[in-house]
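Below: one structure, written as structure tokens.
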Amino acid sequence: MKTSFDVFNGDADGICALLQLRLATPKDSVLITGVKRDIALLKQVDPAVAQDVTVLDVAMEKNRAALDNLLSQGVRVFYADHHNPGEVPDHASLTTHINTAANTCTSLIVDKLLDGRYREWALVGAYGDNMIATADTLANKSGLCDQDRIKLMQFGTYLNYNGYGSSLSDLLFAPAEIYRLMAAYPSPFNFIAERPDVYATLEDGFVGDSEKAAAIMPYSERAGSRVFMLPDEAWARRISGVYSNDLTNRDPEVANAVITAKADGNYLVSIRAPLKNRVGADELAASFPTGGGRKAAAGINSLPAELLNDFIDAFHQRYPLDT
Numbered sequence: 000m001k002t003s004f005d006v007f008n009g010d011a012d013g014i015c016a017l018l019q020l021r022l023a024t025p026k027d028s029v030l031i032t033g034v035k036r037d038i039a040l041l042k043q044v045d046p047a048v049a050q051d052v053t054v055l056d057v058a059m060e061k062n063r064a065a066l067d068n069l070l071s072q073g074v075r076v077f078y079a080d081h082h083n084p085g086e087v088p089d090h091a092s093l094t095t096h097i098n099t100a101a102n103t104c105t106s107l108i109v110d111k112l113l114d115g116r117y118r119e120w121a122l123v124g125a126y127g128d129n130m131i132a133t134a135d136t137l138a139n140k141s142g143l144c145d146q147d148r149i150k151l152m153q154f155g156t157y158l159n160y161n162g163y164g165s166s167l168s169d170l171l172f173a174p175a176e177i178y179r180l181m182a183a184y185p186s187p188f189n190f191i192a193e194r195p196d197v198y199a200t201l202e203d204g205f206v207g208d209s210e211k212a213a214a215i216m217p218y219s220e221r222a223g224s225r226v227f228m229l230p231d232e233a234w235a236r237r238i239s240g241v242y243s244n245d246l247t248n249r250d251p252e253v254a255n256a257v258i259t260a261k262a263d264g265n266y267l268v269s270i271r272a273p274l275k276n277r278v279g280a281d282e283l284a285a286s287f288p289t290g291g292g293r294k295a296a297a298g299i300n301s302l303p304a305e306l307l308n309d310f311i312d313a314f315h316q317r318y319p320l321d322t
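In numbering that gives the first Met the number 0, the protein residues as written are 0 to 322.
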């Protein structure tokens, strides 16, 4: 018997994009996801049993071989994303909704497709992906009061924080687990009210890890850019991405790189372009092994130790103060 698959990034954007789609079009599907940096997900779909596949917030370029394999075997694929896709295949079985603009994300792409039907979930995803200005504008257009807007921003931040780690054991909740917990709720406000235990676990974890990160001083600093080093500990892996966003939001003219030590001696890198110049992070990351991402926010999954100084030099050169 053929099966449907939902393949999605384990961060706030991927989860909230799928929440909207499945609230609008319920489907009994197999979930494939992982930690935020685990993006080579499409190869986990077996073409022999797949009827259709929905892919959300997962870079097409990093999954191209698996995508071609699915299409060649007659599997229908729906693909929505905001990462650089590379060359998009022209195939009758492939439906794409891809927008790489720096001020959008997959949750907002799905929100547009659904005419805002589950707007509050879209806002959680957008806030989680640090699309603060875009989300604020949309929240105001939707008539949300400041208190509700802030609550959605906090929830998005906590949900995104939960997606970071080197393995599922680092996370407070596995992405598939927290998706299932939220899937029945048409609004995040319903979920927060009815599952305060889950919300409190996310909030307490975020606050505790943030306090540890706040004590970290810059490892390397120039006029337009700063580099921070975090230790090889679970709390540091969890907070790395959201901490990068927080640093960027605090000083919109400065680029930030947060480098987390890994057990194998290499480094996990989060890169954030300045809010006032949201470009270049993807190209910088892609110039190093295992790097990629978006114009405003990108990362390197495993930077070799011998390239650490080269990366720091390239980062500072890419983002002088006059950018």
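Even for Gly, the Cβ is constructed at its ideal location relative to N, Cα and C.
- Separation of tyrosine 218 and arginine 271 (C-alpha to C-alpha, rounded to the nearest whole angstrom) is 16 Å.
- Straight across, the Cα-Cα distance linking lysine 211 with serine 239 is about 11 Å.
- Contact check for leucine 320 against asparagine 265 fails: the beta carbons are separated by 8 Å or more.
- With respect to the 8 Å criterion, arginine 236 and glycine 298 are not classified as neighbours on the basis of their beta carbons.
- Take the alpha-carbon of glycine 223 and the one of threonine 103: they are about 25 Å apart.
- The residue from Val44, Val48, Thr247, Asp80 with its alpha-carbon nearest to that of alanine 64 is Val44.
- By the Cβ test, the region 123-133 is in contact with the region 90-106, since at least three Cβ pairs between them sit closer than 8 Å.
- Only residues of its own chain outside the window of five on either side were considered, and among them Ser106, Trp120, Val123, Gly124 have a CB closer than 6 Å to the CB of cysteine 15, listed in chain order.
- Contact between the region 134-142 and the region 13-30 is absent: fewer than 3 CB-CB pairs across the two stretches fall below 8 Å.
- Note on isoleucine 311: 16 or more other CB atoms within 10 angstroms of its CB, so buried under the neighbour-count rule.
- Leaving aside the five residues that flank serine 186 on each side, the residues in its chain whose CB is nearer than 6 Å to its CB run, in chain order, Glu119.
- Between the alpha carbons of alanine 296 and leucine 18 lies a gap of roughly 23 Å.
- In this structure, histidine 82 lies away from asparagine 98, with their beta-carbon atoms at least 8 Å apart.
- Here leucine 40 has Val6, Ile31, Val57 as same chain residues with Cβ atoms under 6 Å from its own Cβ, once five neighbours each way along the sequence are excluded.
- Restricting attention to Val74, Gln146, Asn8, the CA atom closest to the CA of lysine 1 is found in Val74.
- In this structure, DSSP gives alanine 222 a state outside helix and strand, which the three-state scheme calls coil.
- The continuous alpha helix (DSSP H) containing phenylalanine 205 extends over residues 195-213.
- Its chain contains Met181, Tyr184 as the residues whose beta carbon lies nearer than 7 Å to that of phenylalanine 190, once the 5 sequence neighbours on both sides are disregarded; these appear in chain order.
- Here the alpha carbons of arginine 21 and arginine 179 stand approximately 11 Å from one another.
- Residue environment analysis places valine 54 among the buried positions, since at least 16 neighbouring C-beta atoms fall within 10 angstroms of its C-beta.
- Positions of the beta strand (DSSP E) runs, each at least 3 residues long and wholly inside the region 92-164, are given as 93-97 in order along the chain.
- Under the DSSP assignment, phenylalanine 7 falls in the beta strand (DSSP E) whose first and last residues are 2-7.
- The three-state reading of DSSP puts leucine 167 in helix, counting H, G and I together.
- Sixteen is the threshold: since fewer than 16 other Cβ atoms of the shown chains lie within 10 Å of the Cβ of valine 48, the residue is exposed.
- For glutamine 316, there is no enclosing beta strand (DSSP E); the enclosing alpha helix (DSSP H) covers residues 307-317.
- In the DSSP assignment, glutamine 72 falls outside any alpha helix (DSSP H) and carries neither an H nor an E.
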